[in-house]
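Sequential numbering of the sequence shown, starting at 1224, is according to our numbering.
Cβ atoms here follow ideal geometry from the backbone N, Cα and C, with glycine treated the same way.
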Amino acid sequence: MKLLQTLRSRKYLQRIILSFMLVVAMLAIASLFLNAAARDKVLSLQHEADRKLLTQINYNIENMNGIVKDLAVSLYNDEELIALKSGADYKQSILKIERLNRTVAASPYLHAAVFYNGKQNRFFSSLSHDMDTRALYGALEDYMASRADLPKLQLIPLDLDGENEGIDVFAFFIYDGPTLGSVNRNALILTVKPGWMLDNVKALNRVAERENDVLFVTDGDGQVLMAGERKLPPGLDIKKDLLGRMGSTDNAPDSFIHKQGEKEYKVTYLNKGLNNWQIISLQDYDDVLGSVRQMRWTEMAVTLSVALLALLLSVLISLRLYKPVGRLLMLVPHDGRGDSRAKDELSLIAENVTEMIGKLKGLEQERATQWNIAKVYHLRSLISLSDSMDEDAFLRIKEQYAIDITHPSPLRLAVVQLDDLQSLLLQPDSQTEALYYFAIANIGQELLQRGGSCEAADMKSGHLVFIASGNPGYLEMLDERFRELQETILRFYRVTFTVTLSDAFEDYRRLTKHYNLAMRHSNYRMIFGKGAVIQPDMIRRNEGNESFAIPKELERRLTEGLKSGDSEETEQAIRSWRGLLGEFSFDNMFSALLHLTMTLSHTLGEMNNNNLNPVSVNLQAINRRILEKETLDEIEGVLLDVVRDVFEQRRSGREDKNRLLVDTVKEMIEKHYADPDLNVQKIAEMLKMSAVYLGQVFKAQEGTTVVDQINATRLARAQQYLEQQHLTVAEIMEKVGFGNESYFYRLFKRRYGATPKEYRLKSAIDRST
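Put into structure tokens, the structure is as follows:
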């Protein structure tokens, strides 16, 4: 029972055993087909042998008939028989009987030679026959009298003694004219011994090894003319059972199966032979197919033996083949989960191996992640605290975490900062800062490691640091490699970044010093613009410039231009101011920039105090816009926009109109904030005006963009829904017009310092306390 349960659970073992059993089944089926083919072949050969035998018998009968015919014709026309045919004298006719005796004596198959003289109405015969002459003459006379159309030149079976025990002789008549009596009544009758023909049939049977066959000749009425030694089956009606089923083929042997009692016979016949006789052979069907059946039993015995042997061998071979699989199966843990989809043992083993490989890969990934985190941590420590790290600790960390910094070797450091980072983070569905820096680090290391060594570390403070080491020629070419990196990142990610390179240095302990210098120098993006590659030589003049004061003449030009309404002079003063700032150090540049905004603010204040139609300028918003800019060119653009707006307001007196426009926009936002498609373009279309102008007026008046106003309104409504209604965050987001969940979460957290779910939870706690 346990063995059967084990076998039932081993599906792969079952398949191996069934494969062997399939081979055995195929052999058995092939044996059946071969047996059927052999049966057909034996029947075909037997039919061919029967055809030859019956054809030979028919030929012998026809040959004997021809011999008798030739003998009869020759004898009938013999000169010695002329007197016997034409003479009317009985005594003279007696003298001619000797000719008949010689003829019978010379032929082995003649029974007697009888001549009938019509004139004398008397029979004359040879004396060698072994029966009563009167009986012979009487039988012939009766037969001649009973037939008006006496057959001529044909073998005619006769029962001479009238005891119905079979045919005694075959009579052969020859006479003049088409019928007896048409010319005269003379006739020559030769009687043939049937035993001669029977001996011939027996001889053929012996030659063909057919002694057990029932072979006989019958006429159209079913009367047996000749028969072999074997007796006909009891109860056989030849005319009804056999002749009625014979076909109409001429001189072509055919056969059929006849069932007589409990036995079956193969009946082979030659239809319409000589004198319309049928030559028939009856063979026991069991004897005919004896060899085939013997072969069938032999095949069955052999097949059964082979099947049993194959079964034993298949089990042994299957167990032998299955042994390695069984050993592997024992190593598979059985945790009883019951959710395995494996169809057999191999599938189960493969499933477990796949699962283990997945776990190993997960462990490897986790280990690699931890290893990378540790590596980045040590790189940051090296960059920030290199002066406090001794050489042994540096070498140990370098070897343990495979830090790609050649030591000893000249080093150079680069600080990478994304341009327009704030605007990138505010875009819906934008990638995070970390992903951008990850891409820059990976691609940058691949480019910078051509000819030297390189490591990159995200300092998590809005910048990325590269440390390159190698020969001096390689370090001098870093600016070209970084420009290639900028082009690659721009092509794939549509973002730009600024690179600040340090001087080359020899000792790794000076990494922190050059890192701090590079961070300071990165502020000069204000001068060189976005996407610049800043090198120390480019800023030495700025670093050495200690002046920070703005010439009084430049201040006067700016204030007088604003007060007088001279836009060209004012704009030129701003551009001169920007050119002057580009020569300052960063600290002095920032101070001068603050001085510029203060001068602009003071001047506008004086203008509004002394003007009946004051200009509407939100100086606080202007300062915020200036601080958001990353380059002097952008700051110059902001200042030029401000003064142009001042001049435009002064020329057109549009203060009230702009205020009204801003209030209208706010009202429209309050009414349509739930529309997810609400934007500057749609508001401008409703007001039939330019979207650019609308945005500029709104930002000039409010210090913020229309988009920011829309988002602020939506966030305020979302805050109310979170506090007052039991809606899901997704429903609230849809009600206030946000279509992007991550964008909504990012803006909400930036405004309220918590995610919507955290805010709702905090509000509920506050209300309950």
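Note that the C-beta distance between I1797 and L1862 is below 8 Å.
When DSSP states are grouped into helix, strand and coil, T1521 belongs to the helix group. Scanning A1987, L1268 and V1915 for the CA closest to the CA of S1478 turns up L1268. Contact between Y1398 and K1375 is confirmed by a C-beta separation of about 7 Å, below the 8 Å threshold. When secondary structure is reduced to three states using DSSP, V1406 falls in the coil class, being assigned neither helix nor strand. Beta-carbon to beta-carbon, N1768 and F1715 are separated by about 39 Å, too far to satisfy the 8 Å threshold. Selection R1704, S1684, D1730 and I1663 evaluated against D1610 yields D1730 as nearest (Cα-Cα). D1681 counts as buried, since at least 16 other C-beta atoms from the protein chains shown sit within 10 angstroms of its C-beta. Counting only runs of 4 or more residues that sit fully inside the stretch 1782–1835, the alpha helix (DSSP H) segments are 1790–1804 and 1809–1833, in chain order.
A distance below 8 Å separates the beta carbons of I1280 and I1502. If you look at I1762, you'll find it in the alpha helix (DSSP H) that goes P1759 to G1767.
Non-local C-beta neighbours of I1320 in its own chain, meaning closer than 6 Å and more than five positions away in sequence, comprise F1347, ordered along the chain. Two segments are said to touch when three or more pairs of C-beta atoms, one from each, lie closer than 8 Å; by this definition the stretch 1658–1676 does not touch the stretch 1723–1740. Note: T1441 is bridge-paired with V1447 and Q1501 in the DSSP secondary-structure output.
Taking every protein chain shown into account, the CB of T1491 has 16 or more other CB atoms within 10 angstroms, so this residue is buried. Between L1641 and E1656, the CB-CB gap stays under 8 Å. Distance from the CA atom of F1971 to the CA atom of R1990, rounded to whole angstroms, is 21 Å. If you draw a straight line from the Cα of K1786 to the Cα of T1822, it comes to about 12 Å.
A residue is called buried when at least 16 other Cβ atoms come within 10 angstroms of its Cβ; I1252 does not meet this threshold and is exposed. For A1755, the CB contacts under 7 Å within the same chain, skipping 5 residues up- and downstream, are T1721 and R1748 in chain order. With respect to P1476, R1325 sits apart: the two C-beta atoms are not nearer than 8 Å.
At a Cβ-Cβ threshold of 8 Å, A1637 and L1698 do not count as neighbours. Its Cα nearest to that of D1372, the residue T1402 stands out among E1364, T1402 and Y1360. Listed in chain order, the non-local C-beta contacts of K1486 below 8 Å within the same chain comprise P1456, D1507, Y1508 and D1509, local neighbours out to five positions each way being set aside. The beta-bridge partner set that DSSP reports for A1691 consists of R1635 and C1677. In this chain, the alpha helix (DSSP H) harbouring I1320 covers I1320 to A1329. Ranking R1704, D1856 and S1770 by CA distance to the CA of F1751 puts D1856 first. Counting along the chain, D1989 sits inside no beta strand (DSSP E); it lies in the alpha helix (DSSP H) bounded by residues P1979 to S1991. Fully enclosed beta strand (DSSP E) runs of no fewer than 3 residues are not present anywhere in the stretch 1275–1300. Sequence-distant Cβ neighbours of L1608 in its own chain, meaning closer than 8 Å and more than five residues away, are T1735. Under DSSP, K1489 takes part in a beta bridge, and its partners are I1480 and Q1506. For K1980, same chain residues with a beta-carbon under 7 Å away, outside a window of 5 residues either side, are V1952 in chain order.
Collapsing the DSSP output to three states places P1547 in a helix. Membership of L1333 in the beta strand (DSSP E) is indicated by the continuous run L1333 to N1340. When DSSP reads this structure, I1412 sits in a beta bridge with V1337 and F1396.
If you look at L1938, you'll find it in the alpha helix (DSSP H) that goes V1929 to Q1947.
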